[in-house]
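For the sequence shown, the residue numbers in our numbering are 1 to 293.
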Amino acid sequence: MGKIASMSIDNGRITSATQLYAVIGDPIRHSKSPLMQNAALNSCQIDAVYTAFHVKPEQLQACVEGMRALGIQGMNVTIPHKEQVMKLLDELDHSAQVIGAVNTIVNDNGRLIGYNTDGMGYVRSLKEETGVDLQSSRILMIGAGGAARGLAYALLNEGCEQLTIANRTLERAHAIAAELQAFGSIQVAQLEDGRPDILPEEVDVVINTTSVGMHPAVEISPMDKSWLRSSMIVSDIIYNPLMTQLLHDAEEIGAVTHSGLGMFVYQGAIAFELWTGQQAPVHVMREAVLQAL
Ligand code: ATR
């Protein structure tokens, strides 16, 4: 039997009317979503709690049935369930359909609707924290995995001037470009030893969507430092550590940097808004995560 951590939690306010939200994943105990979402629920005085469930792939269907049976109001979905959960829902928002992954489920009076708030959350954070005008930006995205697809969709929706996807495996970049061609034109580039075959002078914003540089391998960067320019905004979707090697390198040459913390906070803020219909207390949410890191 698992041990219950001996932490003081104020559960005196939980009544038979209290609603439930949760995040599901495998693994899940590292997730900062409960801290962040409970801080938001408390701050808005909403009678609900947000918890985390460790759900194995073979239990995913039962978990979604449980959500229906128990009337759980909303869930976040994380690795490895983001794709598999789609077929278990009643409806998919356009974002989830195009990206091919769900990170947020809304229980709308028994109808389970899947959304993907990752890309939108990223864009909101990038704009707010750097003041970038995406419509006049030439963007270079490093990586062509699941995270890259969500970001590419959101950036194209913002009408960015140019989007180039650089990946070690070129075919994967081509695959995203083909899938998303209806939303704007995407160029592809080969990434070799941290150097994409595109001129740095043609890039305003660099975004790392790979896991290169994530804890514990914090000393590596997906980009060769000599390729970066001081005129660039350099952004990383990693938030552990907050300052990745890529961002250290960018800061050293005087570029503007943007960490992945904002994307995490805003994907949660948009989920909170979908669930509650209230504006998310973004500062409270950011503080809660920062304190936990
Ligand atoms: P996610 O869903 O988190 O995006 P993913 O689909 O496994 O994860 O994609 C990981 C991305 O990181 C890919 O673009 C991958 O490059 P490849 O397609 O060439 O595998 C990239 N990546 C992972 N490790 C890398 C490394 N050491 N150097 C360069 N790119 C790397």
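The C-beta atom is built at its ideal place from N, Cα and C for all residues, glycine as well.
Return helix, strand or coil for residue i, following the three-state DSSP convention.
i    : result
R124 : helix
N42  : helix
S185 : coil
Y115 : strand
P34  : helix
M1   : With a pLDDT of 48 at M1, under the threshold of 50, the modelled position of that residue is not reliable, and no figure is offered here.
Y266 : helix
R286 : helix
T169 : coil
I233 : strand
H215 : coil
P200 : helix
Q84  : helix
I176 : helix
E129 : helix
Q291 : helix
Q73  : coil
L261 : helix
E91  : strand
E192 : strand
L163 : strand
P57  : helix
S226 : helix
L134 : helix
L242 : coil
Starting from residue i, follow the alpha helix (DSSP H) in both directions and report where the run begins and ends.
i    : result
T78  : Counting along the chain, T78 falls outside any alpha helix (DSSP H), and DSSP gives it neither H nor E.
G146 : 146 to 157
H248 : 245 to 252
M67  : 60 to 70
I302 : Residue 302 falls outside the range modelled here, since the chain spans only 1 to 293, and no answer is possible.
Going by beta-carbon coordinates alone, are residue i and residue j separated by less than 8 Å?
i    : j    : result
G114 : L89  : yes
S211 : L246 : no
A166 : A177 : no
A52  : T18  : no
E158 : L134 : yes
A292 : A280 : no
V282 : M36  : no
Y21  : I72  : yes
Q278 : T117 : no
P27  : Y50  : no
V102 : K82  : yes
T164 : I233 : no
A271 : G74  : yes
G260 : D236 : yes
M120 : S95  : yes
R168 : L199 : no
L180 : A152 : yes
Where do the N-terminal and C-terminal ends of the beta strand (DSSP E) with residue i fall, by residue?
i    : result
Q279 : Counting along the chain, Q279 falls outside any beta strand (DSSP E), and DSSP gives it neither H nor E.
A365 : Shown here, the chain extends from 1 to 293; a query on residue 365 therefore has no answer.
A52  : 48 to 54
T257 : 256 to 258
I207 : 205 to 208
M141 : 138 to 142
I105 : 104 to 108
Within the 8 Å Cβ cut-off, does residue i reach chain C?
i   : result
K87 : You won't find chain C in this structure, because it holds only one protein chain.
For the ligand FAD, I want to know if residue i counts as a neighbour, meaning its beta carbon is within less than 7 Å of at least one of the ligand's heavy atoms.
i   : result
G66 : Although the ligand FAD was asked about, the structure shown includes only the ligand ATR as ligands.
Closer than 7 Å to the ligand ATR: residues, by C-beta to nearest heavy atom, in chain order | In chain order, the qualifying residues are G143, A144, G145, G146, A147, A148, N167, R168, T169, R172, L191, T209, T210, S211, V212, P222.
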